[in-house]
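Participant: Please see the structure below; I have some questions.
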Amino acid sequence: MNKQNLKKLAVIAHDLVVTALAIPLVFIVRFEGLLLDERMQYLPSFLPLFIAYAGTVYWFFQLYRSRWRFASLPDLSNIVKAVTILSLTLLVADYVLIAPNIYGSFYFGKITIALYWLVQIALLGGPRLAYRYFKYSRSKHLAVRESAVPALVLGRGADVEMVIRAMETGTMRRLRPAGILSPRADDLGQSIRGVPVLGLLSQIETVAADAAERGEPFRRIVATPSALVPEAEPDQWLARTRKLALPISRLDSFGEGARDTELAPLEIEDLLVRPSVRIDRERLGNFLKGKRVIVTGGGGSIGSEICLRCAAFGAAELLVVESSEPALFKVTEELTAHGHETKVTGALADVRDRARLTQLFAGFAPDIVIHAAALKHVPYLEADWAEGIKTNIFGSINVTDAAIAAGAKIFVMISTDKAIEPVSMLGATKRFAEMYAQSRDAEFVAAAAGMRLVAVRFGNVLGSVGSVVPKFKAQIERGGPVTVTDPEMIRYFMTIREACDLVLTAASHARADGPEAERAAVYVLKMGQPVKIMDLAERMIRLAGYEPNIDIEIAITGVRPGERLNEILFAHDEPMAETGLDGVMAAKPSFAARARMQGWQSRLEAAVKAEDRAMAEAVLDEAIPDFSRREQKRLAAPAPQPSLPAAASRP
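Using the working numbering, the first residue of the sequence shown is number 20, and each one after it goes up by one.
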């Protein structure tokens with residue numbers, strides 16, 4: 020028997036023992052002399068049945084599921100509910116059964132039952148609260164003894180309280196809450212769990228200086244989500260912290276609540292996007308629990324995060340397919356370090372190697388295949404067009420066919436918003452790969468089989484390799500200039516974590532969607548309002564403590580080959596499909612028949628072999644009519660789609 024089960028048995032034994040003690044204690048307090056002796060005489064015949072009944076009630080109200088170390092008001096509420104049921108049971112039994120039929124008078128009486136209610140709650144709840152206080156005092160003592168770093172916590176009451184509890188319980192090790200700054204003036208002069216609110220966020224410099232003068236300087240700043248929302252003006256307080264030279268951390272949670280919370284360094288990109296879409300974690304847990312998952316390109320910025328999310332949501336086994344040995348080593352080491360129960364295997368393989376993929380997939384027998392491997396930098400693919408076709412088209416075909424042959428239940432291809440009415444080789448190759456997956460998906464519709472093959476499109480991912488944000492950060496650190504291709508360039512942005520969670524959410528919908536009329540083929544993630552790259556550059560410069568074009572120059576370099584000024588969410592001819600999911604939109608299939616796809620594929624193979632770019636572009640023009648008008652569209656600057664609801668309601 021493991022340690023966890025022993026602890027649970029100890030809790031059950033405690034609750035049953037104090038239940039056995041509660042009634043005799045109440046009798047001793049309430050009665051004396053003959054009245055007490057009479058009641059004690061009947062107790063052995065009554066008490067065992069009542070203890071068994073009480074155990075069932077406690078189980079129903081989940082008294083054994085929560086850990087005493089984290090005992091809280093919800094746990095006390097469950098105790099009150101359970102004891103109330105027991106008290107009502109005693110009242111009914113006393114008045115209906117015992118008094119008229121057995122004992123001849125009231126065995127308990129109303130006063131005795133009321134006393135029992137109070138005593139039983141105290142006996143069940145008291146030890147839990149005492150144990151929590153003991154652990155709390157011990158952790159505080161250890162924190163002081165281990166020279167815990169004094170931290171200044173930023174944010175509103177609920178968020179701050181969760182962080183302080185995490186520090187007290189040791190979840191956030193070697194940190195001690197030493198003060199609070201709030202965005203609300205109403206919080207001034209108050210304290211949370213004994214930690215004082217020292218001022219407003221705008222007073223961070225003054226508060227830090229006062230602490231240093233007292234000889235108790237802060238050594239870490241912890242920002243909760245409520246300190247990063249626009250209403251808290253994070254740009255202003257963050258700019259003030261530059262002078263303090265203190266490390267700033269933010270909450271990074273894999274689940275819900277303080278026990279699943281970790282700290283991560285606060286990056287500029289955390290402040291550049293709108294609030295994230297709320298993820299249905301229960302849905303993703305149900306979808307991935309116990310599944311066997313393959314992720315191609317698993318060492319990349321998107322692929323590695325998808326691997327981490329699959330492990331966090333309970334995948335049974337994970338095969339990471341990656342062509343770069345250093346990237347594969349890094350992601351498998353990171354997965355191991357997180358301590359998830361998922362069995363992780365790494366495989367060096369190139370998606371261009373059809374035989375190798377087929378063998379790998381067949382041996383692993385996946386339930387889910389997520390294809391993230393791709394070449395994705397627009398300028399490189401404009402120059403090395405054949406490499407884009409080999410990886411993004413032929414590689415995707417290889418992965419798709421291998422997933423089908425291995426009996427996977429769902430195949431998800433990570434695509435791009437550049438595949439919509441493409442103007443670049445990147446967009447055209449990804450759109451062709453989408454069409455191939457849709458043509459194979461149609462075969463399963465006709466055969467009434469269960470496999471789904473879908474694509475998920477999203478735009479620029481903050482912090483990913485090649486993203487403009489790391490580029491701007493590096494340029495600012497060098498003192499400029501910050502290079503912007505065009506003042507009117509507009510893009511959508513989202514965080515890596517959010518993008519990957521929504522990819523998995525879309526996959527769960529594809530597997531569960533219902534009528535064929537609403538069978539979605541392409542999922543598009545809602546990315547909020549588009550951002551003008553010039554505004555992004557100016558804001559990043561200001562967040563770094565400088566003034567644009569005064570301290571750091573912004574240089575206009577011109578639009579590069581294959582780029583366009585605005586990205587769009589859906590093609591004009593893509594029929595919309597309803598998902599019912601927050602953060603995810605979808606379109607129905609739009610593709611050519613399998614025979615035509617194979618013909619185009621053969622001609623592309625010949626063009627690559629002959630190094631004939633004109634021939635390859637002619638095939639792509641034929642397969643993707645919008646691609647032939649790329650020069651007219653590339654520099655066109657229509658007004659960006661104003662909002663997600665408007666985009667979602669397109670006919």
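Beta carbons: idealized from backbone N, C-alpha and C, even for Gly.
So, are the CB atoms of residue 267 and residue 242 less than 8 Å apart?
Facilitator: Translated into the one-based positions of the sequence shown, residue 267 becomes position 248. Translated into the one-based positions of the sequence shown, residue 242 becomes position 223. Taking 8 Å as the Cβ cut-off, residue 267 and residue 242 qualify as a contacting pair.
Participant: So, for residue 533: in the same chain, excluding its five sequence neighbours on each side, which residues have a beta-carbon less than 6 Å away from its beta-carbon?
Facilitator: Translated into positions along the sequence shown, residue 533 becomes position 514. Because the pLDDT of residue 533 is 46, which lies under 50, any placement of that residue in the model is unreliable, and the question is left without a value.
Participant: Identify every residue that forms a DSSP beta bridge with residue 61.
Facilitator: Along the sequence shown, one-based indexing puts residue 61 at 42. None, per the DSSP bridge assignment.
Participant: Does the structure place the segment 127-141 close enough to the segment 97-115 that three or more beta carbon pairs sit under 8 Å?
Facilitator: yes
Participant: Just tell me which of 583, 219 and 600 has its CA closest to the CA of residue 171.
Facilitator: The residue labelled residue 171 in the question sits at position 152 within the sequence shown. Residue 171 has its Cα closest to that of 219, out of 583, 219 and 600.
Participant: Measuring only the C-alpha atoms, how far is residue 111 from residue 523?
Facilitator: As a working mapping, residue 111 is identified with position 92 in the sequence shown. As a working mapping, residue 523 is identified with position 504 in the sequence shown. Approximately 52 Å, taken between the alpha carbons.
Participant: Please state whether DSSP places residue 164 in a helix, a strand or coil.
Facilitator: Sequence index remark: in the sequence shown, residue 164 carries index 145 (1-based). The predicted position of residue 164 is uncertain, since its pLDDT is 49 and thus under 50; a value taken from the coordinates is nonetheless stated next. Looking at residue 164 - three-state DSSP - the assignment turns out to be helix.
Participant: Throw me the rounded Cβ distance for the residue 526 and residue 387 pair, which I believe falls under 8 Å.
Facilitator: Taking the sequence shown and counting its residues from 1, the one referred to as residue 526 is at position 507. Taking the sequence shown and counting its residues from 1, the one referred to as residue 387 is at position 368. Right, the Cβ-Cβ distance comes to about 7 Å (below 8 Å), so this counts as a contact.
Participant: If you draw a straight line from the alpha carbon of residue 569 to that of residue 556, how long is it in whole angstroms?
Facilitator: Counted from its first residue, the sequence shown places residue 569 at position 550. Counted from its first residue, the sequence shown places residue 556 at position 537. Our two residues, residue 569 and residue 556, have alpha carbons roughly 13 Å apart in a direct line.
Participant: For residue 34, which residues of its own chain have a beta-carbon under 7 Å away from its beta-carbon, when the five flanking residues on both sides are left out?
Facilitator: Along the sequence shown, one-based indexing puts residue 34 at 15. For residue 34, where only same-chain residues beyond five positions count, the Cβ hits under 7 Å are 77, 82 and 143.
Participant: Return the first residue and the last residue of the beta strand (DSSP E) that residue 366 is part of.
Facilitator: Position 347 of the sequence shown, counting from 1, holds the residue named residue 366. Looking at the DSSP string, the run of the beta strand (DSSP E) that includes residue 366 is 362-367.
Participant: Rank 377, 96 and 566 by C-alpha distance to the C-alpha of residue 554 and give the top, closest one.
Facilitator: The count along the sequence shown starts at 1 and reaches residue 554 at position 535. With distances taken between Cα atoms, residue 554 lies closest to 566.
Participant: If we count the other Cβ atoms within 10 Å of its Cβ and call it buried at 16 or more, is residue 316 buried or exposed?
Facilitator: Residue numbering aside, residue 316 sits at position 297 when the sequence shown is read from its first letter. With 16 or more Cβ atoms within 10 Å of its Cβ, residue 316 is classed as buried.
Participant: When DSSP labels each residue in this structure, what does residue 313 get in the three-state scheme?
Facilitator: Translated into the one-based positions of the sequence shown, residue 313 becomes position 294. The answer is strand: DSSP assigns residue 313 an E or B state.
Participant: Please work out which residues of its chain come closer than 7 Å, Cβ to Cβ, to residue 25, disregarding the five sequence neighbours upstream and downstream, and give them in chain order.
Facilitator: Working through the sequence shown from its first residue, we reach residue 25 at position 6. No residues qualify anywhere along the chain.
Participant: Could you pull out every residue in the same chain whose Cβ sits closer than 7 Å to the Cβ of residue 48, ignoring the five residues on either side in sequence?
Facilitator: By one-based count along the sequence shown, residue 48 stands at place 29. Only 134 meet the Cβ criterion.
Participant: Go through its chain and collect everything with a Cβ distance to residue 328's Cβ below 7 Å, but skip five positions before and after it.
Facilitator: Along the sequence shown, one-based indexing puts residue 328 at 309. The residues are 519, 520 and 523.
Participant: Considering Cα atoms alone, identify which of 578, 448 and 493 is closest to residue 507.
Facilitator: As a working note, residue 507 is residue 488 in the sequence shown. Comparing Cα-Cα distances from residue 507 to each of 578, 448 and 493, the minimum goes to 578.
Participant: Would you mind sorting residue 60 into buried or exposed? The rule is 16 or more other CB atoms within 10 Å of its CB.
Facilitator: Here residue 60 is taken as the residue at index 41 of the sequence shown, counted from 1. With fewer than 16 other Cβ atoms inside 10 Å of its own Cβ, residue 60 counts as exposed.
Participant: Rounded to the nearest angstrom, what separates residue 620 and residue 332 at their Cα positions?
Facilitator: Mapped onto the sequence shown, residue 620 falls at position 601. Mapped onto the sequence shown, residue 332 falls at position 313. Their Cα atoms are separated by approximately 37 Å.
Participant: Whole angstroms is fine: what's the gap from residue 543's alpha carbon to residue 583's?
Facilitator: Here residue 543 refers to the residue found at position 524 of the sequence shown. Here residue 583 refers to the residue found at position 564 of the sequence shown. For residue 543 and residue 583, the distance between alpha carbons rounds to 19 Å.
Participant: What is the DSSP secondary structure of residue 569, counted as helix, strand or coil?
Facilitator: Position 550 of the sequence shown, counting from 1, holds the residue named residue 569. Here residue 569 sits in coil by DSSP.
Participant: For residue 559 versus residue 490, is the C-beta distance shorter than 8 Å?
Facilitator: Here the question's residue 559 lines up with position 540 in the sequence shown. Here the question's residue 490 lines up with position 471 in the sequence shown. No.
Participant: Going by C-alpha distance, which of 394, 66, 512 and 148 is nearest residue 407?
Facilitator: Taking the first residue of the sequence shown as position 1, residue 407 is located at position 388. Closest by alpha carbon: 394.
Participant: Quickly, what does DSSP pair residue 390 with across the bridge? List them, please.
Facilitator: Position 371 of the sequence shown, counted from the first residue, corresponds to residue 390. Answer by DSSP bridge pairing, in chain order: 315 and 432.
Participant: Please confirm whether residue 448 and residue 412 have their CB atoms less than 8 Å apart.
Facilitator: Working through the sequence shown from its first residue, we reach residue 448 at position 429. Working through the sequence shown from its first residue, we reach residue 412 at position 393. Yes; because the gap between Cβ atoms is below 8 Å, this pair is in contact.
Participant: With distance defined between alpha-carbon atoms, name the residue in 642, 97, 174 and 624 nearest to residue 446.
Facilitator: One-based indexing of the sequence shown puts residue 446 at position 427. Looking at 642, 97, 174 and 624, the one whose alpha-carbon comes closest to that of residue 446 is 642.
Participant: In terms of residue numbering, what span does the beta strand (DSSP E) encompassing residue 476 cover?
Facilitator: By 1-based counting over the sequence shown, the position of residue 476 is 457. Its beta strand (DSSP E) spans residues 471-477.
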